[in-house]
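Protein chains in written order, with the UniProt record's numbering: chain A, 1 to 182; chain B, 1 to 298. Ideal Cβ placement from N, Cα and C applies to all residues, glycine included. One structure is given below, encoded as structure tokens.
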Amino acid sequence: MTLLIVIAIIAVIAIVWISVYNGLVKSRMQTKESWSQIDVQLKRRNDLIPNLVNTVKGYADFEKSTLQAVTDARANVNNAQGPAATMAASDQLSDALTHLFAVAEAYPDLKASANFMKLQEELTNTENKIAYSRQLFNTTTASYNTKLQTFPSNIIAGVHHFEPSEFIAAPESEKAVPTVKF
Amino acid sequence: MLYEQIQSNKRRTVVLLVGFLILVGLVGAAVGYLLLESLTIGVVGALVIGAVYIVIMVSNSTQVVMAMNHGTEVTQADQAPELWHTVEDMAMVAQLPMPRVFIIQDDSPNAFATGNSPKTAAVAATSGLLALMNRQELEGVIGHEMSHVRNYDIRISTIALALTAAITMLTNLGNNWWLFGVDTGRDRDDRENNSGGGQILTVVLSFLIMLLAPLAAAVIQMAISRNREYLADAGSVELTRNPQALIAALRKLAAAPPMQDVDASSAALYINDPMKKSAHLFDTHPPIAERIARLEKM
């Protein structure tokens, strides 16, 4: 009888252990997947930029410094190591692109060109996807890290050496305090 | 919270199905009595038609609903880049599969989602919505629709739509045959000279059911749809982190004229009442002002 109870308890613990462990693995996988989402979009944007630069170059008097800033920022994203540095470089590229599109407002011919319009939509789309996949990454990271710190999953995570995932900080421009108007 | 909402939606879908089947049975009884002088045939017939109808709707809901609302499918990003990309973004951040995308040619801005589960979901937007909203506002509207998908609101509202349409069909049938039905009733009275009291009572009851059935259908549709809109608004903000854009979008929706050619039984699916009725008792949607007030508090 006692033996049966002991076996039952061990079986219950084993089942709980396995399901929590699998939950942790799934959670960690989700953070990795959401990081790869960001990565895909960063590459996509870097592929689009040479096209954009070539299109804009055709307009002779277009500010060289604006174009140079975009090209440099693109190279920095390519060379950056690790999530934090990559995202910091990515934010600079976002700013450079925003500036380029703002400058383009002054070139009616450029703005009207079908090629430029298509590139603008593609880049806007990619920028949005970077922002949303970053949000998704932070959401999945939060739920994974919570599991690492709460009972009973923290014990299992400790035994199997699950490492916490790091958040990506919000870009500087989004951190700015919004101005309240009355 | 989200999990509870999903469970409650799944539970209420079953309750709704059972409740509607009882109502369909009652309507069938009324129609059967007037038409064929047989309650049993009426009830059985209505339940069979109802069951077949539900099966067809459940397996084909997207096709049927989009046909009812004149939606044309968009299958490539090139056809409507802004809409396609926005739906992609919202599906990604809500961790849902990419739904099918449809456009309805109508100048009035509106949108809805339908389907039986997130895997079979579809999102439709009017051409007016695409013309009128900027990208952030469009994200707010699509985020609202993707919240309906995630919460399984689409399942309950699609089934409610199917059932309401079925009841409307049945009562229309009953109404059209009504005069004919009373005539046979009178003939029978003359012939058999039964005590008329019981039959008159049954006729009156039949009429009550026929009158009340559409009303009941409307009440049930209203009951399932109003509160979810607040939840979907909150869900949209959770996805976009941008309550201001959704507020701006809701203002634009409120200011717009009604849709040209909208299917009445689909009205509850839309983000805002597409018919812009002034009555309040049978509103399918909470007032926009109230939705904006709740968003401003977030």
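Run down chain A in chain order and give the residues with a C-beta less than 8 Å from the C-beta of residue i.
{"i": "methionine 92 of chain B", "result": "Gln37, Lys129, Tyr132, Ser133 and Leu136"}
{"i": "arginine 241 of chain B", "result": "Gln135"}
Just to confirm before moving on: does the CB-CB distance between residue i and residue j stay below 9 Å?
{"i": "tyrosine 132 of chain A", "j": "serine 165 of chain A", "result": "no"}
{"i": "leucine 138 of chain B", "j": "leucine 96 of chain B", "result": "no"}
{"i": "arginine 286 of chain B", "j": "asparagine 227 of chain B", "result": "The identity of residue 286 of chain B in the sequence shown is proline, whereas the question assumes arginine. Cβ distance < 9 Å, so proline 286 of chain B and asparagine 227 of chain B count as in contact."}
{"i": "asparagine 46 of chain A", "j": "asparagine 78 of chain A", "result": "yes"}
{"i": "alanine 46 of chain B", "j": "valine 18 of chain B", "result": "no"}
{"i": "alanine 124 of chain B", "j": "isoleucine 104 of chain B", "result": "yes"}
{"i": "glycine 128 of chain B", "j": "aspartate 106 of chain B", "result": "yes"}
{"i": "valine 70 of chain A", "j": "phenylalanine 62 of chain A", "result": "no"}
{"i": "leucine 132 of chain B", "j": "lysine 252 of chain B", "result": "yes"}
{"i": "alanine 80 of chain B", "j": "valine 101 of chain B", "result": "yes"}
{"i": "isoleucine 247 of chain B", "j": "glutamate 296 of chain B", "result": "yes"}
{"i": "asparagine 76 of chain A", "j": "alanine 84 of chain A", "result": "no"}
{"i": "lysine 147 of chain A", "j": "glycine 23 of chain A", "result": "yes"}
{"i": "valine 20 of chain A", "j": "proline 152 of chain A", "result": "yes"}
{"i": "isoleucine 292 of chain B", "j": "asparagine 272 of chain B", "result": "no"}
{"i": "methionine 298 of chain B", "j": "alanine 234 of chain B", "result": "yes"}
{"i": "serine 61 of chain B", "j": "threonine 120 of chain B", "result": "yes"}
Listing by chain order, which chain B residues have their CB less than 8 Å from the CB of residue i?
{"i": "glutamate 121 of chain A", "result": "Pro81, Glu82 and His85"}
{"i": "asparagine 115 of chain A", "result": "What asparagine 115 of chain A touches in chain B: nothing, since even the nearest Cβ is about 14 Å away."}
Leaving out the 5 sequence neighbours to the left and right, which residues in its chain are closer than 8 Å to residue i when beta-carbon positions are compared?
{"i": "asparagine 193 of chain B", "result": "With a pLDDT of 44 at asparagine 193 of chain B, under the threshold of 50, the predicted position of this residue should be treated as unreliable, though the coordinate-derived value follows. For asparagine 193 of chain B, where only same-chain residues beyond five positions count, there are no Cβ hits under 8 Å."}
{"i": "isoleucine 13 of chain A", "result": "none"}
{"i": "valine 64 of chain B", "result": "Ile56, Met57 and Ala162"}
{"i": "tyrosine 59 of chain A", "result": "Tyr107, Asp109 and Leu110"}
{"i": "proline 178 of chain A", "result": "Confidence at proline 178 of chain A is low in this model, with a pLDDT of 49, below 50, so its placement is unreliable and the value that follows should be read with caution. Contacts found: none."}
{"i": "leucine 67 of chain A", "result": "Val53, Val56, Lys57 and Leu100"}
{"i": "methionine 98 of chain B", "result": "Val87, Glu88 and Ala91"}
{"i": "valine 74 of chain B", "result": "Ala80, Leu83, Trp84, Val101, Phe102 and Ile103"}
So, for residue i: in the same chain, excluding its five sequence neighbours on each side, which residues have a beta-carbon less than 6 Å away from its beta-carbon?
{"i": "residue 299 of chain B", "result": "This structure cannot speak to residue 299 of chain B, because chain B is shown only from 1 to 298."}
{"i": "alanine 73 of chain A", "result": "Gln92, Leu93 and Ala96"}
{"i": "leucine 4 of chain A", "result": "none"}
{"i": "alanine 165 of chain B", "result": "Ser265"}
{"i": "aspartate 183 of chain B", "result": "Because the pLDDT at aspartate 183 of chain B is just 46, under 50, the model does not fix this residue reliably, and the value given afterwards should be weighed accordingly. So the list is empty, once near-sequence residues are dropped."}
{"i": "alanine 169 of chain A", "result": "none"}
{"i": "glycine 181 of chain B", "result": "Because the pLDDT at glycine 181 of chain B is just 48, under 50, the model does not fix this residue reliably, and the point stays unresolved."}
Skipping 5 residues on each side, what residues in its chain have a beta carbon closer than 7 Å to that of residue i?
{"i": "isoleucine 156 of chain B", "result": "Asn9, Arg12, Thr13, Leu16 and Ile224"}
{"i": "glutamine 120 of chain A", "result": "Phe101"}
{"i": "aspartate 263 of chain B", "result": "Met68 and Asn69"}
{"i": "glycine 32 of chain B", "result": "Ser38, Leu39, Ile41, Gly42, Val43 and Gly45"}
{"i": "glutamine 136 of chain B", "result": "Asn242 and Ala245"}
{"i": "threonine 72 of chain B", "result": "Phe102 and Ile103"}
{"i": "alanine 267 of chain B", "result": "Asp273, Pro274, Met275 and Thr284"}
Report the residue from the options whose alpha carbon sits nearest the alpha carbon of residue i.
{"i": "phenylalanine 167 of chain A", "options": "A:Arg134, A:Gln68 and A:Pro152", "result": "A:Arg134"}
{"i": "methionine 87 of chain A", "options": "A:Thr2, A:Gln37, A:Gln149 and A:Ala11", "result": "A:Gln37"}
{"i": "glutamate 4 of chain B", "options": "B:Asn134, B:Val74, B:Leu231 and B:Glu296", "result": "B:Leu231"}
{"i": "alanine 122 of chain B", "options": "B:Ala91, B:Arg135 and B:Arg291", "result": "B:Ala91"}
{"i": "glutamate 229 of chain B", "options": "B:His144, B:Tyr53 and B:Leu253", "result": "B:His144"}
{"i": "glutamine 81 of chain A", "options": "A:Asp39, A:Arg44 and A:Ser65", "result": "A:Asp39"}
{"i": "isoleucine 159 of chain B", "options": "B:His70, B:Ile54 and B:Asp261", "result": "B:Ile54"}
{"i": "glutamate 127 of chain A", "options": "A:Gly23, A:Ser153, A:Thr98 and A:Leu67", "result": "A:Thr98"}
{"i": "methionine 259 of chain B", "options": "B:Leu26, B:Pro274 and B:Arg294", "result": "B:Pro274"}
{"i": "glutamine 76 of chain B", "options": "B:Arg251, B:His85, B:Met68 and B:Asn69", "result": "B:His85"}
{"i": "threonine 40 of chain B", "options": "B:Val52, B:Gln136, B:Leu26 and B:Ala51", "result": "B:Leu26"}
{"i": "leucine 211 of chain B", "options": "B:Met68, B:Gly28 and B:Asp89", "result": "B:Gly28"}
{"i": "leucine 130 of chain B", "options": "B:Ser117, B:Pro109 and B:Lys119", "result": "B:Pro109"}
{"i": "arginine 294 of chain B", "options": "B:Tyr270, B:Ala267 and B:Leu250", "result": "B:Leu250"}
{"i": "leucine 21 of chain B", "options": "B:His70, B:Ala256, B:Val31 and B:Val48", "result": "B:Val48"}
{"i": "leucine 123 of chain A", "options": "A:Lys147, A:Ser65 and A:Arg44", "result": "A:Arg44"}
{"i": "glutamate 163 of chain A", "options": "A:Ser65, A:Ser27 and A:Asn125", "result": "A:Ser27"}
{"i": "isoleucine 130 of chain A", "options": "A:Gln41, A:Ser113, A:Gln149 and A:Leu148", "result": "A:Gln41"}
{"i": "asparagine 115 of chain A", "options": "A:Leu48, A:Lys64 and A:Ile9", "result": "A:Leu48"}
{"i": "methionine 169 of chain B", "options": "B:Gln7, B:Gly50 and B:Ile292", "result": "B:Gly50"}
{"i": "serine 117 of chain B", "options": "B:Ile6, B:Asp233 and B:Asp261", "result": "B:Ile6"}
{"i": "tyrosine 270 of chain B", "options": "B:Val237, B:Ile142, B:Phe207 and B:Ser59", "result": "B:Ile142"}
Just to make sure I have the definition right: I need the residues of chain A whose C-beta is within less than 7 Å of the C-beta of residue i. Which are they?
{"i": "aspartate 89 of chain B", "result": "Asn128, Lys129 and Tyr132"}
Using the beta-carbon of each residue, which ones in chain B are nearer than 9 Å to residue i?
{"i": "asparagine 51 of chain A", "result": "None at all; the shortest Cβ gap to chain B is about 16 Å."}
{"i": "asparagine 145 of chain A", "result": "What asparagine 145 of chain A touches in chain B: nothing, since even the nearest Cβ is about 17 Å away."}
Would a check of beta-carbon distances place residue i closer than 9 Å to chain E?
{"i": "threonine 124 of chain A", "result": "Here the protein chains are A and B, and chain E is not one of them."}
| Within the chosen definition, does the segment 112-122 of chain B reach the segment 132-152 of chain B through at least 3 CB pairs nearer than 8 Å? | yes
| Is the number of C-beta pairs between the segment 156-164 of chain A and the segment 51-71 of chain A that are closer than 8 Å three or more? | no
| said: With three or more C-beta pairs closer than 8 Å as the rule, is the segment 19-39 of chain A touching the segment 134-143 of chain A? | reply: yes
| query | Is it a yes or a no for the segment 100-116 of chain A touching the segment 6-23 of chain A, going by three-plus beta-carbon pairs under 8 Å? | reply | no
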